[in-house]
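Written out below as structure tokens is the structure these notes cover.
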Amino acid sequence: MELNKEKITLIADCEVTDKSKTAGGAVVRTSKFCADISECDFEGSCFVQTNLCATFKRSDMSGDYFEEVNLSGAGFERSDMSGDYFEEVNLSGAAFERSSICGAAFEEVNLSGAVFTDGDLSGVEISGCKLDGMTIDGLDVRELIEFYKKNHKENCDMKKNVRKAVIAGNWKMNKTRPEAKALLEELKGKVSDPGCEVIACVPFTNLETAVEATKGTPIKVGAQNCHFEKSGAFTGEISADMLVEMGVEYVVLGHSERRQYFGETDETVNKRTRAALAAGLKPIVCVGELLWERECNITEEVIARQIKLDFYGVSAEELKKCIIAYEPVWAIGTGKTATADQAEEVCAFIRATLAKLYGDDTAEAVTIQYGGSMNAGNAEELLSKANVDGGLIGGASLKAGDFNTIIEAATKG
Ligand code: PGA
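As structure tokens, this is what we get:
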């Protein structure tokens, strides 16, 4: 906390009963204030181990620091306490009337029975505090917190409802053509009217079979990669135009297995994303941290970097056509799923990063999936999270029954 050193007066080990001793920037230690204090300047003061059972009226106490202070039963009236910091303070039974407390922080403070009336409490942070019987404008604070939580969730759910839930199966290098046909036939029987978008991302050799088998059904077809050039001497590669011509709508890009085994970098993911968009494909761009990066606490840096680089030069309108799959590399194919809270935390971070780059409206419109050992047993919890709009499913997409259970969970989502 910043104190204005020039203004500092040290008031220590004394009993203050008149207001002449008060001053802005004061450091007050082990003292006792028992006066009725009106119209005083305490701005930027610091109170430590002090007994302040006084009545403060129309005083400037903004930016003050209180530690181990006894303020029980104290009265604050029309005072400015904005930006104050309270730690291990006893404020039980204190009364705040028409006072501004905006931006104040209360940590491990006893606020039981404290009464706040007609004040400005915007941006207040409360952690580890006793709140029994505390009221704000006559309403019990616990009820207010419950109300806020419920509304906040409803608000998040509403935003989630605006977005498309998308469940995509990433078949990887699995299934011959007859096997692909059989799996899609089985899936078609189960998925007739899904409450979310369903995509099967199949190997290149199965694309034609898949497009044929899913005609007239809600199941869409995606590829698992495409090259960034339109055509030319790129042996073994497939262009975005070639996919579009086959009736493919989606393409997975930057999957961690391609980054890990085939030298894919954020630069090439960016080029592929732009080429796919230009050709009219909808990219599913994968991002995610390695276990080592998570353990080093740099998950957010890694994700922010990938988002910035992979979508460099992509406009807001184009971004809305993309899906982002958050796939922590340590959870892919390992049976180790991120907890629903971990998935939510990073998906929310991705949305916040998009909001910084493209604005809130665009960020709210983008579908963000979680991927990494999502299965029939854990999908519902993962998909219930406010920022988890769908899933990119590997192993569990190879069994029609399991994949369908995940689709049903997304519909509840
Ligand atoms: P997994 O794969 O579900 O088998 O972990 C997910 C993915 O690679 O997209």
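The opening position of the sequence shown corresponds to residue 67 in our numbering, with each subsequent residue numbered one higher.
Ideal Cβ placement from N, Cα and C applies to all residues, glycine included.
Given the structure is predicted, the values throughout are model-derived calculations rather than measurements.
Sequence-distant residues of its chain with Cβ nearer than 6 Å to residue 325 (five each side left out) = Same-chain partners within the cutoff: there are none.
Using 8 Å as the Cβ pair cut-off and three pairs as the minimum, do the stretch 243 to 258 and the stretch 208 to 217 touch?
-> Counting C-beta pairs closer than 8 Å gives fewer than three between the stretch 243 to 258 and the stretch 208 to 217, which falls short of the contact rule.
Distance cut-off 7 Å: residue 439 Cβ against heavy atoms of ligand 1 | At least one heavy atom of ligand 1 is nearer than 7 Å to the Cβ of residue 439, so yes.
For residue 147 and residue 418, the rounded distance between their alpha carbons | Computed Cα separation, rounded: 31 Å.
Whole runs of the beta strand (DSSP E) within the stretch 230 to 297, excluding any shorter than 3 residues | List check, beta strand (DSSP E) in window: 232 to 236, 263 to 267, 285 to 289.
Thinking just about the alpha-carbon of each residue, which of 213, 455, 151 is nearest to the one in residue 409?
-> The shortest Cα separation from residue 409 among 213, 455, 151 belongs to 455.
Around the C-beta of residue 463, are 16 or more other C-beta atoms found within 10 angstroms, so that it is buried, or is it exposed?
-> Under a 10 Å Cβ-count criterion, residue 463 is classified as buried, with 16 or more other Cβ atoms of the shown protein chains found around its own Cβ.
From which residue to which residue does the alpha helix (DSSP H) around residue 388 run?
-> Run containing residue 388: none; DSSP gives neither H nor E here.
Go to residue 353, then tell me how far its beta strand (DSSP E) extends in each direction, as first and last residue.
-> Residues 348 to 353.
Can you give the beta carbon distance from residue 248 to residue 273, rounded, assuming they're within the 8 Å contact cut?
-> Not confirmed; about 16 Å, so no contact.
Counted within 10 angstroms of its Cβ, other Cβ atoms place residue 444 as buried (16 or more) or exposed | Buried, by the Cβ-count rule.
Roughly how many angstroms lie between the CA atoms of residue 460 and residue 188, to the nearest whole one?
-> Cα to Cα, residue 460 sits roughly 45 Å from residue 188.
Own chain, CB closer than 8 Å to residue 195, minus 5 neighbours either side, in chain order | Here the set comprises 172, 173, 174, 175, 176, 177.
Beta-carbon proximity list for residue 226, same chain, < 8 Å, skipping 5 on both sides = For residue 226, where only same-chain residues beyond five positions count, the Cβ hits under 8 Å are 452, 453, 455, 479.
Return the chain-ordered list of same chain residues with a C-beta closer than 6 Å to the C-beta of residue 68, the five sequence neighbours on each side being excluded.
-> Confidence in residue 68 is poor, its pLDDT being 42 and thus under 50, which makes the residue's placement unreliable; the coordinate value appears in the next sentence. Closer than 6 Å at the Cβ level, and outside the excluded window around residue 68, lies no residue.
Grab me the residues of residue 477's own chain with a C-beta within less than 8 Å of its C-beta, minus the 5 sequence neighbours each way, in chain order.
-> Exclusion of the five residues before and after residue 477 leaves 231, 260, 261, 262 as the residues of its chain whose Cβ lies within less than 8 Å of its Cβ.
Is DSSP giving residue 470 helix, strand or coil here?
-> In this structure, residue 470 counts as helix in the three-state DSSP scheme.
DSSP state of residue 402, grouped into three classes?
-> Residue state, collapsed to three classes: coil.
What residue range is occupied by the uninterrupted beta strand (DSSP E) comprising residue 95?
-> Per DSSP, the continuous beta strand (DSSP E) segment holding residue 95 begins and ends at 93 to 95.
Compare the Cα-Cα distances from residue 223 to each of 406, 449, 388 and report the closest residue.
-> Distances from the CA of residue 223 to each of 406, 449, 388 were compared; the closest alpha carbon is that of 449.
Leaving out the 5 sequence neighbours to the left and right, which residues in its chain are closer than 8 Å to residue 414 when beta-carbon positions are compared?
-> Scanning its chain for C-beta atoms nearer than 8 Å, with the 5 sequence neighbours on each side dropped, one finds around residue 414 the residues 452, 453, in chain order.
For the alpha helix (DSSP H) containing residue 332, list its first residue and its last residue.
-> Note, residue 332: alpha helix (DSSP H), 332 to 345.
Neighbour-count burial assignment, residue 109, 16 or more Cβ in a 10 Å radius = That one is buried.
Delimiting residues of the alpha helix (DSSP H) encompassing residue 322 | In this chain, the alpha helix (DSSP H) harbouring residue 322 covers 322 to 327.
Grab me the residues of residue 312's own chain with a C-beta within less than 7 Å of its C-beta, minus the 5 sequence neighbours each way, in chain order.
-> Closer than 7 Å at Cβ, skipping near neighbours: 273, 274, 277.
Could you pull out every residue in the same chain whose Cβ sits closer than 7 Å to the Cβ of residue 346, ignoring the five residues on either side in sequence?
-> If we look at residue 346 and ignore the five residues flanking it on each side, its Cβ neighbours are 310.
What are the boundary residues of the beta strand (DSSP E) that residue 121 is part of?
-> For residue 121, the uninterrupted beta strand (DSSP E) run begins and ends at 121 to 123, by DSSP.
Could you pull the start and end residues of the beta strand (DSSP E) that residue 116 belongs to?
-> First-last for residue 116: undefined, no H or E at that position.
Please state if the CB of residue 202 and the CB of residue 182 are separated by a distance shorter than 8 Å.
-> Going by beta carbons, residue 182 and residue 202 fall inside the 8 Å limit.
Report whether the distance from the Cβ of residue 446 to the nearest heavy atom of ligand 1 is below 7 Å.
-> It does not: the Cβ of residue 446 is nowhere closer than 7 Å to a heavy atom of ligand 1.
Segment limits, beta strand (DSSP E) that includes residue 433 | That run of the beta strand (DSSP E) goes 433 to 437.
From 156, 447, 149, 125, residue whose alpha carbon lies closest to that of residue 135 = Comparing Cα-Cα distances from residue 135 to each of 156, 447, 149, 125, the minimum goes to 156.
To the nearest angstrom, report how far apart residue 315 and residue 152 are at their CA atoms.
-> Going from the Cα of residue 315 to the Cα of residue 152 covers about 56 Å.
In terms of alpha-carbon separation, which member of 257, 387, 424, 306 lies closest to residue 282?
-> Of 257, 387, 424, 306, the residue nearest in Cα terms is 257.
For the beta strand (DSSP E) holding residue 163, just list the boundary residues, first then last.
-> DSSP places residue 163 inside the beta strand (DSSP E), whose first and last residues are 161 to 163.
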